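Residue numbers (my numbering): -5 to 160.
The C-beta atom is built at its ideal place from N, Cα and C for all residues, glycine as well.
Please read all numbers here as calculations on a predicted model, not as lab measurements.
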């Protein structure tokens, strides 16, 4: 089903590098807002910089794909030392497919990480890559997001993969 993800973790920093190795994931398409930081926050969430360094040191390629505009995405991606696609148009496939190609990755070895069912999960499924769902770091306050989050409820995970290894 299009709204299903392959794996679910509470937060991105809970995903150990050994998990990527065991699942043969060699490239990651990363969302920003409520995945790597809170909505519109210019600073990464606690532990994200170290997690990115650990993933990078393991030889896993990463690229940010966000539906946000370049003025939001570029400074954040630059700080993380990652290439990016702004205006990614998720759940459409253009941004994700471009990222996979830019990383020189194969789809069967690529996964997306994100917090939204109707953009990140659908986009990964439409693009033919695996999906790692993470809980939103913080719920947005606008009516648009409140409605969206309410509509996501039937598709949210009942449990999350637990790991104390990073």
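Inter-residue spacing [alpha-carbon to alpha-carbon] between residue 33 and residue 18: Along the chain shown, read from residue 1 onward, the residue named residue 33 stands at position 39. Along the chain shown, read from residue 1 onward, the residue named residue 18 stands at position 24. Answer to the nearest angstrom: the Cα atoms are 30 Å apart.
Per-residue DSSP class, three states only, for residue 1: As a working mapping, residue 1 is identified with position 7 in the chain shown. The answer is strand: DSSP assigns residue 1 an E or B state.
Start-to-end residues for the beta strand (DSSP E) that takes in residue 78: Sequence index remark: in the chain shown, residue 78 carries index 84 (1-based). Where residue 78 is concerned, the enclosing beta strand (DSSP E) stretches over 77 to 79.
Rounded straight-line distance, which links the Cα of residue 113 to that of residue 146: The sequence position of residue 146 within the chain shown is 152, counting from 1. The sequence position of residue 113 within the chain shown is 119, counting from 1. Here the alpha carbons of residue 113 and residue 146 stand approximately 11 Å from one another.
Cβ-Cβ distance between residue 55 and residue 97 below 9 Å: Counting from 1 along the chain shown, the entry for residue 55 is found at position 61. Counting from 1 along the chain shown, the entry for residue 97 is found at position 103. Yes, they are a contact pair.
Buried/exposed call for residue 16, threshold 16 Cβ in 10 Å: Position 22 of the chain shown, counting from 1, holds the residue named residue 16. Looking at its Cβ environment, which holds fewer than 16 other Cβ atoms inside 10 Å, residue 16 is exposed.
Per-residue burial, residue 81 [other beta carbons within 10 Å of its own, 16 or more giving buried]: Indexing the chain shown from 1 puts residue 81 at position 87. Within 10 angstroms of the beta-carbon of residue 81 lie fewer than 16 other beta-carbons, which makes it exposed.
Terminal residues of the alpha helix (DSSP H) in which residue 92 lies: Stepping through the chain shown from its first residue, residue 92 is reached at position 98. Run containing residue 92: 88 to 97, per the alpha helix (DSSP H) assignment.
For residue -4, the three-state DSSP class (helix, strand or coil): Indexing the chain shown from 1 puts residue -4 at position 2. In the three-state scheme derived from DSSP, where H, G and I count as helix and E and B as strand, residue -4 is classed as coil.
Helix, strand or coil at residue 142 [DSSP, three-state]: By one-based count along the chain shown, residue 142 stands at place 148. For residue 142, the three-state secondary structure derived from DSSP is helix.
With 16 other Cβ atoms within 10 Å as the buried cut-off, status of residue 136: The residue given as residue 136 occupies position 142 in the chain shown. With fewer than 16 neighbouring CB atoms inside 10 Å of its own CB, residue 136 falls in the exposed class.
Three-way DSSP call (helix, strand, coil) for residue 109 in this model: Position 115 of the chain shown, counted from the start, is the residue given in the question as residue 109. In the three-state reduction of the DSSP assignment, residue 109 falls in the coil class, being assigned neither a helical nor a strand state.
Alpha-carbon spacing of residue 94 relative to residue 63, whole angstroms: If you number the chain shown from 1, residue 94 lands on position 100. If you number the chain shown from 1, residue 63 lands on position 69. For residue 94 and residue 63, the distance between alpha carbons rounds to 20 Å.
Between the CA atoms of residue 43 and residue 155 - distance to the nearest angstrom: Within the chain shown, numbered from 1, the residue matching residue 155 stands at position 161. Within the chain shown, numbered from 1, the residue matching residue 43 stands at position 49. In this model, residue 155 and residue 43 are separated by some 21 Å (Cα to Cα).
Contact the stretch 115 to 125 vs the stretch 78 to 92: 3+ CB pairs below 8 Å: In this structure the stretch 115 to 125 touches the stretch 78 to 92; the number of beta carbon pairs closer than 8 Å is three or more.
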